[in-house]
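**Student:**
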Amino acid sequence: MSNREIRVRFAPSPTGPLHIGGVRTALYNYLFAKKNNGKFILRIEDTDQTRFVAGAEDYIIDAFNWCGIQFDEGVTKGGEYGPYKQSERKALYRKYAEQLVASGHAYYAFDTSEELTNLRNAFEAEKKTFTYNATERVHLKNSLVLSEAEVQKLLTANVPFVVRFKMPENRVVRMVDLIRGEVTVHANVLDDKILFKSDGMPTYHLANIVDDHLMKISHVIRGEEWLPSLPLHVLLYEAFEWEAPQFAHLPLLLKPDGKGKLSKRDGDRLGFPVFPLQWTDPKTGETSRGYREDGYFPEAFINMLALLGWNPGDDREIFNLDEMAEAFSIERVGKSGSRFDPEKAKWFNHQYMLKMSNEELAKQFLPFIEKEEVMADIDYVERVVGLVKERAHFVHELWSQSDFFFKAPDTYDPKAVKKRWKQVSYDQMTEIKALLAKVDDFTSENTEVVVKQWIEEKEYGMGVVLNAFRLLIVGALKGPHLFDIIAMIGQEETLRRLETGLHELGKKE
RNA sequence: GGUCCGUUCGUCUAGCCAGGUCAGGACGCCAGGUUUUCAUCCUGGUAACACGGGUUCAAAUCCCGUACGGACUACCA
């Protein structure tokens, strides 16, 4: 292993919103870089002009900003190895393609797409698969079979061409994957992949090797879907006589039920987001929900994602980015795909909600309160969230758990009324109203003592009284400690709610 | 079809590399406890080594095969 500086990259293609699988790949790169005092680079791989989607690049950057994943170098960030967008590096690639042609590792091919498609169909008709390889390339239109003069003529006449890698024959390619160990494949089953397209752009294969080399990338950590092209990449490094980085191929994220990898459809079908941020497709106008918009805390989202395929080797489950980076190692990334579990995602959010300070939580809750058009100062809201946060998974659920702190109930849950509004309730609540009206010290502790003493003296049922009381104050059988609630809303409001409730529910026959 | 990768409770996983533990934890679910309610919390329970061979005194762990799953197989990344 070389001891060069650790430099990793995340290299998305701006063809749409970033899938959470992509976010996880980026996260592992980030954690690996942080753990090893290395650099994390964002490179945009936009060599396919036909698949460009407006807004996708900004989306990617916004998504990482929201997640708290920071890059050391890259688009919008700069760095000494730029530019970091492949379309801006266009001029560079042809030279390298030609270098490989000159050294005999690649060749020009003049076959048109149509010709190749026809060939494929013809092979398929005979139940065979066409591969542009050592046995087939000798029958095709390329610089391996054409004379040098003919090739020059075509080239100067600007006939469209591609550059193909000349896959070596009878070679067993041995590769090491940091997660899977040694992988070997016979080069004869590989095809002569296109390195340089007829539109003047490199393919992913060429661009990624050239850029990774130029940007001094030490470790390539990417999705498992790239494993089949690893032999090509290894052979390319060899052809260039460059030191290859180390490779790690991450397993896929699987759908929660059934089979196969997680897709946007699964999210729609099962009701959970597949993207970090909401995304509206500029062409169809179709909107996909995002974790941010669904109310997830970025810390919880990242935490949940990190544990999907990696674990620290101990029982810890909740940690922040720094703690994760400290604990991270590529060896502890699993080999098999992870099924995404929306339930556990919610549990993570709940954990972060509990951990969060009331001050911060209140700040996030404020917009929801304003939407309800009730008056409340921030101190009051802070105390409220402190009392109810353990019963919610999301900030937006806080309102339904705490509305009675801000306004009197306008309805009384019919089921609760049926169950808890007894014959005796009207009279008991009338008594409790009189009792509480006389209390000077309206703290939770004191009212509790007063009320409970009264219940004992009268030999009333504790449950009968308190549930009816709760019903009048809250409007339902929910919420925190009842005496905390009345202390919060105050004596005046408590008495008013009792009065209203008595009037509304009346005496049960 | 071909190539490569994978397979431990319903789910995320520890244990595998350096064979010997009642296969451990978490989410979910179920039950009990706490609580005036709901939630939290606490206690307990449920439930897994894909299958078949082999090596070995001993296999989740090493080897081979089978099945199943996945990725790739574009002038896409």
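Heads up, the first sequence stops at 513 in this note's numbering, and the numbers go up one at a time, no gaps.
Built from N, CA and C at the ideal position, the CB exists for glycine as well.
1) From the DSSP output, in three-state form, read off L150 for me.
2) Mark E460 as exposed unless 16 or more other C-beta atoms lie within 10 angstroms of its C-beta, in which case mark it buried.
3) Would you mind reading off the limits of the beta strand (DSSP E) that contains F200?
4) Please state whether the Cβ-Cβ distance between T19 and R55 is less than 8 Å.
5) Tell me where the beta strand (DSSP E) around D261 begins and ends.
6) In three-state terms, what does DSSP make of E77?
7) Would you mind stating whether A58 and P280 have Cβ atoms separated by less than 8 Å?
8) Measure the alpha-carbon distance for D261 versus I221 and round it to whole angstroms.
9) Nearest to K462 by CA position, among Q432, S448, K482, L475, is which residue?
10) Determine the closest residue to A518 out of I436, A110, F352, with distance taken between C-alpha atoms.
11) Buried or exposed, going by whether 16 or more other CB atoms sit within 10 Å of the CB of M5?
12) Quick check on DSSP: helix, strand or coil for M5?
13) Just the Cα atoms here: how many angstroms apart are K411 and V27?
14) In angstroms with no decimal places, state the Cα-to-Cα distance between S107 and K170.
15) Looking only at DSSP bridge pairs, what is E186 linked to?
16) Does I45 come out as helix, strand or coil in the three-state DSSP assignment?
17) Should L254 go down as buried or exposed, given a rule of 16 or more other Cβ atoms within 10 Å for buried?
18) Mind the definition here: the stretch 164-182 touches the stretch 239-253 only if three or more C-beta pairs lie below 8 Å; say whether that holds.
19) Let me know the secondary structure DSSP gives Q250 once reduced to three states.
20) Nearest by alpha-carbon distance to V278: which of D381, L258, G289, K263 is it?
21) Taking 8 Å as the cut-off, does the stretch 338-345 touch the stretch 302-320 (at least 3 CB pairs, one atom from each stretch)?
22) When the Cα atoms are used, what is the spatial distance from L210 to N192?
23) Using 10 angstroms around the beta-carbon of K197, count the other beta-carbons present and answer buried if the total reaches 16, otherwise exposed.
24) Does L447 come out as helix, strand or coil in the three-state DSSP assignment?
25) Going by C-alpha to C-alpha distance, which of L266, T504, L440 sits closest to F487?
26) Counting only the same chain and skipping the five closest in sequence on each side, list residues whose C-beta sits under 7 Å from that of P87.
27) Using a 10 Å radius around the Cβ and a threshold of 16 neighbouring Cβ atoms, would you call M308 buried or exposed?
28) Once the 5 residues before and after Y464 are set aside, which same chain residues still bring their CB inside 7 Å of it?
29) So what's A587 in DSSP terms, helix, strand or just coil?
30) Check whether the stretch 157-169 touches the stretch 119-130, counting contact only when three or more Cβ pairs, one atom from each stretch, lie closer than 8 Å.
31) Only counting runs of 3 or more residues, tell me where the beta strand (DSSP E) segments fall wholly within the stretch 366-443, in order along the chain.
32) For K89, I'd like the list of residues in its chain whose CB is within less than 7 Å of its CB, leaving aside the five on either flank, ordered along the chain.
33) So, does the stretch 360-371 touch the stretch 329-338, judging by three or more C-beta pairs under 8 Å?
34) Using a 10 Å radius around the Cβ and a threshold of 16 neighbouring Cβ atoms, would you call S361 buried or exposed?
35) Roughly how many whole angstroms lie between the Cα atoms of E394 and Y208?
**Tutor:** Walking through what the data contain:
1) coil
2) exposed
3) 198-200
4) yes
5) No beta strand (DSSP E) contains D261, which DSSP labels as neither H nor E.
6) strand
7) no
8) 37 Å
9) Per the Cα distances, Q432.
10) The structure shown does not extend to residue 518, since the chain is modelled only from 5 through 513, so no value can be given for it.
11) Caution is warranted here: a pLDDT of 45 is assigned to M5, below 50, making its placement in the model unreliable, and the coordinate value is therefore given only provisionally. By the Cβ-count criterion, M5 is exposed, with fewer than 16 other Cβ atoms from all chains shown falling within 10 Å of its own Cβ.
12) The predicted model places M5 with a pLDDT of 45, which falls under 50 and marks its position as unreliable; any figure quoted below should be read in that light. Coil at M5, not helix or strand.
13) 42 Å
14) 11 Å
15) DSSP, once it has assigned bridges, lists V180 as partnering E186.
16) Reduced to three states, the DSSP call for I45 is strand.
17) buried
18) yes
19) strand
20) L258
21) yes
22) Here the C-alpha atom of L210 lies approximately 20 Å from the C-alpha atom of N192.
23) buried
24) Looking at the sequence shown, residue 447 is not Leu but Thr. Here T447 sits in coil by DSSP.
25) Cα-wise, what sits closest to F487 is L440.
26) R93
27) buried
28) These residues qualify, in order along the chain: Q432.
29) For residue 587 there is no data in the structure shown, the boundaries of the chain being 5 and 513.
30) The stretch 157-169 makes no contact with the stretch 119-130; the number of CB pairs closer than 8 Å stays below 3.
31) none
32) Answer for K89: I48, D50, V79, listed in chain order.
33) no
34) Exposed, because fewer than 16 other Cβ atoms sit within 10 Å of the Cβ of S361.
35) 48 Å
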